[in-house]
Amino acid sequence: MRRPACIGLVPVILLVGGHVARADGPPPVPQPSPAPLVPARVLADLDITTLPEPRRVGARQMVARDVAGRLREAGRRESEAWRALGSRAEWEAYAAARVGRMRTALNVPDDVRERKAPTLTVTRTVTGDGWFADATAYESRPGLVVTANLYRPAAPPPSMPGILISHSHHAPRTEGELRDMGVGWARAGCVVLIPDHLGHGERRAHPFASTDSFPKSFRVARQDYYFRYNTSLQLYAAGETLMGWMAHDLSRGVDVLLAHKGVDPARIALLGAVAGGGDPAAVAAALDPRITAVAPFNFGGPQPETRYPLPADAESSFDYTGGGSWESTRNLYRSATDGFLPWVIVGSVAPRTLVYGHEFDWDQERDPVWRRLVTIWGWYGAPDRLGWARGRGSVKGKAPESTHCTNIGPEHRRRVAAWLKRSANISEPVEGGPRPAVDDLRVNAAAAGVPMPPLHEVIARVAEDRQRAAASRLADLAPTQRRDAARKVWAAVLGDVEPPKAAIPDEVLESAAGGPPWARHRILRTERDVVVPVTLLSPGGFDGRRPAVVMFARAGKQKLLAARSAEVARMLDAGWDVCLADLRGFGETAVGTSRGRTGEATAISASHLMLGDPLVAAQLRDLRCVLRHLRACDFVDPGRIALWGDSLTPASPAGVTAAVPLDADQPAPAEPAAALVALLGGLFEDVAAVHARGGLAAYRDLLRSPFVHVPHDGVVPGVIAAGDVPALLAAVAPTPVLSTGTVDAWNRPAGPPERPEPDAVAWLIDRVRRR
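So for the sequence shown, the working numbering puts the first residue at 176; every next one is plus one.
This is the structure:
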């Protein structure tokens, strides 16, 4: 693996086994010690559950309730702002601000007037009855090749509409309904471009193209869709977004259409298919004013899963914000906090033509989003440019009563075509006739000599450029200046990192019945609806001013104490207090049981990103509240507090099979969040020392293959662009840092695993003694 660009900034010594220590000396080797005050076996069996029995079930839903409440509040805030609007001018100011914030959040360049049309490479042309279809490739951004089919009339008229189609996540550009649309509109005198979306079809980001690709059973046709998850995490780490790249690809498709001789720039339509095609179509249309008509299916309002009829109070009760899931194109980064909710995105295309599409039946009368759209187009005096398309039945029904389709079915496109003809002067397609064969539409870029590097390599180049830029900004700074600069960089990446200005009253609990007197419990309320269960251990007595260590792990303080009982016993014996804390989402407030793509933890982490508040940032705020609490305790020396962020997940063996379809059993994921929070705690707080165990050696490692075995909440958007872990280690200086047990993106040891870990306890005691 290529060495991270900014590693030269880090004043560290790399030791065996993926361990890192500062240059003021390696961790001491383990030394024999007398029997501790509290034997490790006693600690390993000690019950340190903090929350009383009646509160334990609710605690498991705490993080979900908190983020859901914040999303609802965002929706209410935008609805109140909407109700305050009364004119076209007010709407335009409202929408422009939010679309501008969307462009920034998704990092979509605003260069449509400056950029040149991409060069097309046509690898073959298919001839049909009144049409041609070109298999073509073009570059969307440096190194990123788009495979597409361009359908055109056999006898082109002097002026032609251009139609761009955004396919669904079900199937790539060669699916039957897409071929029908390409042929039908080309026969009607239109130029139609149907590109493969990022990671789909001939742009797939994985090797699982047939049942022979993997020895166990998996859903071959769903892998393009599922691997959006990995690609999204990789783009987040690089400081980009999946939706941003997909929308930019579509905008580049507009460049291709406009470069075609005879295409009328006043008649550019974008059709967004059901099941994930409408999302990028709506975003692209909002960001690219050259798109004069858009038909985004299943985006902006009620979804196929919505139960009809809608309630009478739908205007106030409808969920305008939505919630997080692994599909990042459905829950856009910062959409809730920055106000670019789906209905705003759709409404922002006014007064251009909009066909508000629904795959199945639709409660038009009660749909509150439709009512808002009618009002918006009414402000422009353009109600004739607002149309709709609907199917029949429901997502749970069967065909033909329910109009299921793969992209845009015959019934749906008849309605879309009628509206486009009426309001955008685009001819209806001439249906019928044979479809071109799938094999004839393939680009086969490699055979045609078109370089098409793997997607993760393209993302890696973007990430490396940003990491290099971050390194250069910090290279010439003194350590204290570097720390201040790094705080600003990381605050920009994380969002809100500051704990509440005033401490919220905590709950102080006595030891549990039958528990030892040297174990005290706290329930720290760090935010309005968030608590952090804490256990304090002090066999030497809760008096005097003693050094302390705050220990935390995603698995929770109970399991952490059991796993590290020997280490805790040694620290207690050395006269330290030990504070074990369950930051939100850890231990007693853990979210669900699955750490995979479709688990509840992923959905909640994605919801946090809609708020621009990565879960790691919220956990950092919790940690800072814990530190504030400890500094106020009369038995803790506030100048001698250390941090210990740990992963209890065993590293996978070096030969682990990481190349696995995403609906098959996955290897155990790495759990780097606690280590990252510990390092960030060392950056933003004045602590005596930091031990980060089990974190990633570098997030850049996520980009060396299509396979990412790191949970969603372990990836912070922009982490590589901020300088990555090596630069963070450097920025924590002069605070001593020990990083041990580091792993890669496949949860394998980042260094030779045969050497034992350094003695973290001896290292901590030594560094704090020197302070």
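Ideal placement from N, C-alpha and C gives every residue a C-beta, glycine not left out.
Predicted model only: the values in this text are computed from it and were never measured.
query                                                                                                                                                           : result
Near R637, what residues of its chain come up, given a Cβ to Cβ distance below 6 Å and the 5 sequence neighbours on each side ignored?                          : Note that residue 637 is Val in the sequence shown, not Arg. A413.
Report yes if the C-beta distance between L368 and V469 is below 8 Å; otherwise report no.                                                                      : no
Classify K571: buried if its beta carbon has 16 or more other beta carbons within 10 angstroms, exposed otherwise.                                              : exposed
Would you mind sorting S492 into buried or exposed? The rule is 16 or more other CB atoms within 10 Å of its CB.                                                : exposed
Can you check whether the CB of S602 is closer than 8 Å to the CB of G364?                                                                                      : yes
Compare the beta carbon distance of A384 and M785 with 8 Å and say whether it is the shorter of the two.                                                        : no
Kindly identify the DSSP beta-bridge partner or partners of E314.                                                                                               : V320
Mind checking who E702 pairs with in its DSSP beta bridge?                                                                                                      : V705
I need the straight-line Cα distance from P691 to S392, nearest angstrom please.                                                                                : 53 Å
Got a sec? Which residues, its chain only, sit under 8 Å from S686 by beta carbon, not counting five neighbours each side?                                      : In this prediction, S686 scores a pLDDT of 47, lower than 50, which makes its location untrustworthy; the coordinate-derived value is nonetheless stated afterwards. P692, A694, R695 and H696, listed in sequence order.
Taking the runs of the beta strand (DSSP E) that are 3 residues or longer, which of them lie wholly in the segment 536-603?                                     : 561-564
Give the DSSP-derived three-state secondary structure of S208 in the structure shown.                                                                           : Unreliable positioning characterises S208 in this predicted model, as indicated by a pLDDT of 49, which lies under 50. The coordinate reading is nonetheless provided below. It is coil, neither helix nor strand.
DSSP has H866 in a bridge; who is on the other side?                                                                                                            : W819 and L913
DSSP has F472 in a bridge; who is on the other side?                                                                                                            : G532
Between the segment 458-468 and the segment 418-433, do at least 3 Cβ pairs fall closer than 8 Å?                                                               : yes
For the segment 398-416 and the segment 433-445, state whether three or more C-beta atom pairs, one from each stretch, are separated by less than 8 Å.          : no
Could you spell out the range, first to last residue, of the alpha helix (DSSP H) harbouring D424?                                                              : L417 to A434
Let me check understanding here. Comparing Cα to Cα, which of G731, R739, G750 and L735 lies closest to G719?                                                   : G750
Count the other CB atoms, across all protein chains shown, that sit within 10 Å of the CB of D222; report buried if there are 16 or more and exposed otherwise. : exposed
Please report how far the alpha carbon of S343 lies from the alpha carbon of A925, in whole angstroms.                                                          : 38 Å
Which term fits P479, buried or exposed, when burial requires 16 or more other beta carbons within 10 angstroms of its beta carbon?                             : buried
Which complete beta strand (DSSP E) runs does the segment 369-395 hold, if anything under 3 residues is left out?                                               : none
Taking just the CA atoms, how far does A849 sit from D355?                                                                                                      : 52 Å
Between N506 and S782, how many whole angstroms is the CB-CB distance? I'm expecting something under 8 Å.                                                       : 7 Å
Report yes if the CB atom of R721 is closer than 8 Å to the CB atom of V801, and no otherwise.                                                                  : no
Could you tell me the alpha carbon to alpha carbon distance between I779 and D888, rounded to whole angstroms?                                                  : 9 Å
How far does the beta strand (DSSP E) with D439 in it reach, from first residue to last?                                                                        : V438 to G447
Secondary structure at T300, three-state DSSP: helix, strand or coil?                                                                                           : strand
P927 by DSSP, collapsed to three states: which one?                                                                                                             : coil
Starting from A723 and walking both ways along the beta strand (DSSP E), at which residues does that stretch end?                                               : R721 to A728
Check L786 in the structure and name its three-state DSSP category.                                                                                             : coil
If you draw a straight line from the C-alpha of W554 to the C-alpha of G522, how long is it?                                                                    : 12 Å
Three-state secondary structure (DSSP) at D876?                                                                                                                 : helix
Give the C-beta separation of V287 and R465 to the nearest angstrom, bearing in mind that I take them to be a contact with Cβ-Cβ under 8 Å.                     : 6 Å
Between L353 and N582, is the Cβ-Cβ spacing less than 8 Å?                                                                                                      : yes
Tell me which residue opens and which closes the alpha helix (DSSP H) that S492 is part of.                                                                     : A489 to S492
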